[in-house]
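First the structure, in the form of structure tokens, and then the observations on it.
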Amino acid sequence: MFKKWGLSAAALLVATAVILPGCASKQEPPKEALKNAAAKAVTLSSYELNTKFVVNNLSIDAPTDDPSSAMATQVISMLKNAEISVDSVYQADPMQTEATLVLNLKGDMAMSFTIPIVATKEKVYIKVPSIPFFPIPENIVGKFVELDLKELAEKSGQEINTAALDTEKARKLQSEVLDAVLAQYDEAKYFKDIKPKDAGLPEGVDAKQVIQFGLNNDNIKEAITIFINNALPKLFDVISKEEYKDLLQVDPADLAKAKEEILAGKNKEEIDKDLADLEKYLTINQFQFNTAINKDDFPVYQNLLMDFKVNIPEDSTNIGLSVTGSNQYSKINDKADFKIGIPQGDAVVTLDELQKQFGGSSDTF
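Mapping of the sequence shown onto mature numbering (1 follows the signal peptide of the UniProt record, and there is no 0): residues -26 to -1, 1 to 339, in sequence order.
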């Protein structure tokens, strides 16, 4: 049954991941607007982004004689009401981005820590946080660990894959993936326009169009079936393109084999059986993803509402999860205003220096 839970959860997450890059242009039908503006989003040269993710509720009702239940209770206590936020600034040319991640864990073992990260085309800098219960030498707390991508590649005997940091090509790939998936879904069942005044947009967000993608108990079975049988083969066609080979670093033979198995219907009988029983173990209370578009046809705000329950009758386990998430974009295509900048001098420690502090060797990384 956990395999069944994985099937539904994966489908929900993939649906969210695919819709995340979406935006809209003119007041067009939702699907067409998303497809057209996703292509325009490839032209983004800079932006600031505030991302928030909150676990509103997490519950696992499992048999008390389960030896892992005590550990699960502790983990749930920490994750319930947990908050993650990321404030980031991005610039395409020259490539530079910085992000400050803040994690707040609640419950009996409440803790909070902040991790600033800076990345260029060849280096990544990660600020060492002070984490409760984790012994980090005081003389490196607050400093940035420098990861030289070229040096790490040489130590591992590989060439540096600068293509993996090609954000423009990555956005182009996102656009093609979105286009391929959207084409498979019926607009009337899964997409709709919402009046901006009714969309619950935060103060300061000026939108001309809001598009909602939604899943519910009536369409989830069909949505998963369409994704597996129709969308996945199209996705393999996109990511198998020669222009994305260096970006993804995936063996074309593996992609071809996976697509062949899907088209041949391998495991189809097993998947169909799981889907037939879907309503017995999955209840979707809410799954909505909204994208707000400004007058310049760029996404300025996106939010996710997801609330579902999973029932596993074999061992009488019930799982409940409710989360909210949002992305708020600003200063689109303006001159990038970096708050951290590229760390220099005494603010930086190398990976070798970090390893020496822990009595190890950087070769272990």
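Don't be surprised by glycine CBs; every beta carbon is placed ideally from N, CA and C. Small disclaimer: the values here were computed from a predicted structure and weren't measured.
Between N190 and chain C, is there a C-beta pair that is closer than 8 Å? Here there is only one protein chain, and chain C is not present.
Distance, A197 Cα to N204 Cα: Taking the sequence shown and counting its residues from 1, the one referred to as residue 204 is at position 230. Taking the sequence shown and counting its residues from 1, the one referred to as residue 197 is at position 223. Going from the Cα of N204 to the Cα of A197 covers about 10 Å.
Decide yes or no for the touch test of the segment 107 to 115 against the segment 89 to 97: beta carbon pairs closer than 8 Å, at least 3 of them. no
For the segment 268 to 276 against the segment 293 to 302, are there 3 or more C-beta pairs whose distance is under 8 Å? yes
Hey, Q183 and F165: beta-carbon distance below 8 Å or not? Walking along the sequence shown from the start, residue 183 turns up at place 209. Walking along the sequence shown from the start, residue 165 turns up at place 191. It is not a contact, given that the beta carbons lie outside the stated cut-off.
Could you check which residue in K283, L325 and I314 has the C-alpha nearest to that of D35? For the purposes of this step, residue 35 is identified with residue 61 of the sequence shown, where counting begins at 1. Comparing Cα positions, the closest option is K283.
Which class does I312 belong to by DSSP, given the choice of helix, strand or coil? Within the sequence shown, residue 312 is the residue found at index 338, counting from 1. For the sequence presented, residue 312 should be read as Phe rather than Ile. Three-state result, F312: coil.
Relative to the C-alpha of L8, which candidate in S104, I316, V60 and S149 has its C-alpha closest? Along the sequence shown, one-based indexing puts residue 8 at 34. When only C-alpha atoms are compared, the closest one is S149.
Taking S104 as the reference, which of S86, L221, L121 and I200 has the closest Cα? Here residue 104 corresponds to residue number 130 of the sequence shown, with the count starting at 1. Among S86, L221, L121 and I200, the Cα nearest to that of S104 belongs to S86.
Taking buried to mean at least 16 other C-beta atoms within 10 Å of its own C-beta, is S(-19) buried or exposed? To locate residue -19, count along the sequence shown from 1; it is residue 8. Its pLDDT being 45, under 50, S(-19) is placed unreliably by the model, and the measurement read from it follows with that caveat. Burial call: buried.
Determine whether the beta carbon atoms of I316 and V92 lie at a separation below 8 Å. Your numbering for residue 316 matches position 342 in the sequence shown. Your numbering for residue 92 matches position 118 in the sequence shown. Their beta carbons are under 8 Å apart, which means I316 touches V92 by this criterion.
Please confirm if the segment 166 to 182 is in contact with the segment 257 to 267, defined as three or more CB-CB distances below 8 Å between the two stretches. yes
Let me check understanding here. Comparing Cα to Cα, which of N259, L53 and K242 lies closest to N190? As a working mapping, residue 190 is identified with position 216 in the sequence shown. Out of N259, L53 and K242, N259 has the C-alpha closest to the C-alpha of N190.
Alpha carbon to alpha carbon, what distance is there between K80 and S51? Position 77 of the sequence shown holds residue 51. Position 106 of the sequence shown holds residue 80. Distance between the alpha carbons of S51 and K80 is about 7 Å.
Supposed contact pair L229 and A144 - C-beta distance, whole angstroms, cut 8 Å: On the sequence shown, position 170 is the one that residue 144 refers to. On the sequence shown, position 255 is the one that residue 229 refers to. With 8 Å as the limit, A144 and L229 do not qualify as a contact, their Cβ atoms being about 17 Å apart.
For the alpha helix (DSSP H) that K163 lies in, which residues bound it at each end? Residue 163 sits at position 189 when you count from the first residue of the sequence shown. E161 to Y164 is the span of the alpha helix (DSSP H), which, as asked, contains K163.
Quick check on the burial criterion: 16 or more other C-beta atoms within 10 angstroms. Buried or exposed for K247? Taking the sequence shown and counting its residues from 1, one reaches residue 247 at position 273. Exposed.
Out of curiosity, what's the CA-to-CA distance linking L53 and F27? By one-based count along the sequence shown, residue 53 stands at place 79. By one-based count along the sequence shown, residue 27 stands at place 53. For L53 and F27, the distance between alpha carbons rounds to 12 Å.
Following the continuous beta strand (DSSP E) through L256, name the residue where it begins and the one where it ends. If you number the sequence shown from 1, residue 256 lands on position 282. Segment L256 to I267, the beta strand (DSSP E) holding L256.
Would the beta-carbon of I63 fall within 8 Å of that of D311? Within the sequence shown, the letter at position 89 stands for residue 63. Within the sequence shown, the letter at position 337 stands for residue 311. According to the sequence displayed, residue 63 carries Val and not Ile. Contact: yes.
Given a threshold of 16 other Cβ atoms within 10 Å of its Cβ, counted over all protein chains shown, does K124 qualify as buried or as exposed? For the purposes of this step, residue 124 is taken as residue 150 along the sequence shown, with counting starting at 1. It counts as exposed.
Could you name the residues of the same chain whose beta carbon sits closer than 8 Å to that of P68, not counting the 5 residues immediately before and after it, in chain order? Here residue 68 refers to the residue found at position 94 of the sequence shown. Contacts found: T94 and K95.
Based on the DSSP output, what are the partners of T199 in its beta bridges? Within the sequence shown, residue 199 is the residue found at index 225, counting from 1. Answer by DSSP bridge pairing: none, since T199 is not bridged.
Taking DSSP as the reference, what is the three-state secondary structure of S62? Here the question's residue 62 lines up with position 88 in the sequence shown. DSSP places S62 in strand when its eight states are reduced to three.
Alpha-carbon to alpha-carbon, K313 and S20: For the purposes of this step, residue 20 is taken as residue 46 along the sequence shown, with counting starting at 1. For the purposes of this step, residue 313 is taken as residue 339 along the sequence shown, with counting starting at 1. Roughly 14 Å separates the two Cα atoms.
May I ask you to list the residues that DSSP assigns as paired with E72? Taking the sequence shown and counting its residues from 1, the one referred to as residue 72 is at position 98. E72 is bridged to V63 and V92.
Judging by CA-CA distance, which residue of K233, E216 and A73 is the nearest neighbour of F201? By one-based count along the sequence shown, residue 201 stands at place 227. Of the candidates K233, E216 and A73, the one whose C-alpha sits nearest the C-alpha of F201 is K233.
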